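Asks: What follows is a single structure, and I will ask about it in a moment.
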Amino acid sequence: SAVISQKPSRDICQRGTSLTIQCQVDSQVTMMFWYRQQPGQSLTLIATANQGSEATYESGFVIDKFPISRPNLTFSTLTVSNMSPEDSSIYLCSVVISGANVLTFGAGSRLTVL
Amino acid sequence: QKEVEQNSGPLSVPEGAIASLNCTYSDRGSQSFFWYRQYSGKSPELIMFIYSNGDKEDGRFTAQLNKASQYVSLLIRDSQPSDSATYLCAVGGANSKLTFGKGITLSVRP
């Protein structure tokens, strides 16, 4: 199984600022995704992080708000831009490991926006 | 829009009992089915996956899939207090993207 490191693990941010979350995997992966879990809710897919190209966003999510980079097979970043209290959530990096077909999650980044 | 529905819960069972968790999905083209467990304040962890109709057993856990009825379930035998958590049903298509249900909270009473 892969070790997925996310940072920061938690942060408190001011309205209007931006925060970048990093995800590092210790294995080569075929797919990387970013999910959001709002308080008391299930997981919602934000986007698929594509290596070397623009991410593929799900309905309701846009690049200007959630820019994503994936410069190589094992690293990705998600930026939450111009934050508002509604962005308070847990953001989870998840991967599918090469040769497997199951989704594994990082520990998540808990953001609180004041 | 793909939907995954789970019983609203919460579900409470006594220690040693069988806990039955149910899930239905809307997309007949779904190919993979997963159960994740999420403890409070933690990220989801995979318990079981199933791809074919029928039952799949792993220790105290059994996943059941009926594609004709678009139904997947998870049975937990000999429930333990440590099984108390939120259980998320997830359904996938051909591209590894998963759609999650809202989850059901299970409480196992000692």
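The listed protein sequences correspond, in order, to chains A and B. Last residue of the first sequence: number 114 in this note's numbering, and the count goes up by one each step with no gaps. Last residue of the second sequence: number 1110 in this note's numbering, and the count goes up by one each step with no gaps. Just so it is clear, CB atoms sit at the ideal spot from N, CA and C, and this is done for glycine as well. From a predicted model like this one, the values you see are computed outputs, not experimental measurements.
Roughly how many angstroms lie between the CA atoms of B:P1081 and B:R1109, to the nearest whole one?
Replies: B:P1081 and B:R1109: Cα-Cα distance of roughly 6 Å.
Asks: Just to make sure I have the definition right: I need the residues of chain A whose C-beta is within less than 8 Å of the C-beta of B:L1088. Which are they?
Replies: Residues of chain A passing the Cβ test: S42 and L43.
Asks: How would you write the range of the beta strand (DSSP E) that B:G1092 sits in, first residue to last?
Replies: Taken as a continuous stretch (DSSP letters only), the beta strand (DSSP E) holding B:G1092 covers A1085 to G1092.
Asks: Per the DSSP calculation, A:S81 is bridged to which residue(s)?
Replies: DSSP output for A:S81 lists no bridge partner at all.
Asks: From the DSSP output, read off the bridge partner residues of A:Q22.
Replies: A:K7 and A:T77.
Asks: Taking only beta carbons into account, state which residues of the region 1089-1107 of chain B come closer than 9 Å to chain A, listed in chain order.
Replies: Listed by position along the chain: A1090, G1092, N1095, S1096, K1097, L1098, T1099, F1100, G1101, K1102 and G1103.
Asks: Just reading off the beta strand (DSSP E) that B:R1037 is part of, what are its end residues?
Replies: B:R1037 -> beta strand (DSSP E) spans S1032 to Q1038.
Asks: Which runs of the beta strand (DSSP E) fall wholly inside the region 12-72 of chain A and span at least 3 residues, in chain order?
Replies: Counting only runs of 3 or more, we get 19-25, 29-37, 43-49 and 68-72.
Asks: For B:S1030 versus B:G1103, is the C-beta spacing smaller than 8 Å?
Replies: Going by C-beta atoms, B:S1030 is not nearer than 8 Å to B:G1103.
Asks: Within the 8 Å Cβ cut-off, does B:S1032 reach chain A?
Replies: Yes, contact with chain A.
Asks: Using three-state DSSP, classify B:D1078 as helix, strand or coil.
Replies: Three-state result, B:D1078: coil.
Asks: Pull out every residue of the region 81-105 of chain A whose Cβ sits closer than 9 Å to any Cβ of chain B, in chain order.
Replies: The residues in question are I90, L92, S94, V96, N101, V102, L103, T104 and F105.
Asks: Per DSSP, what are the beta-bridge partners of B:G1054 in this structure?
Replies: B:G1054 is bridged to B:L1065.
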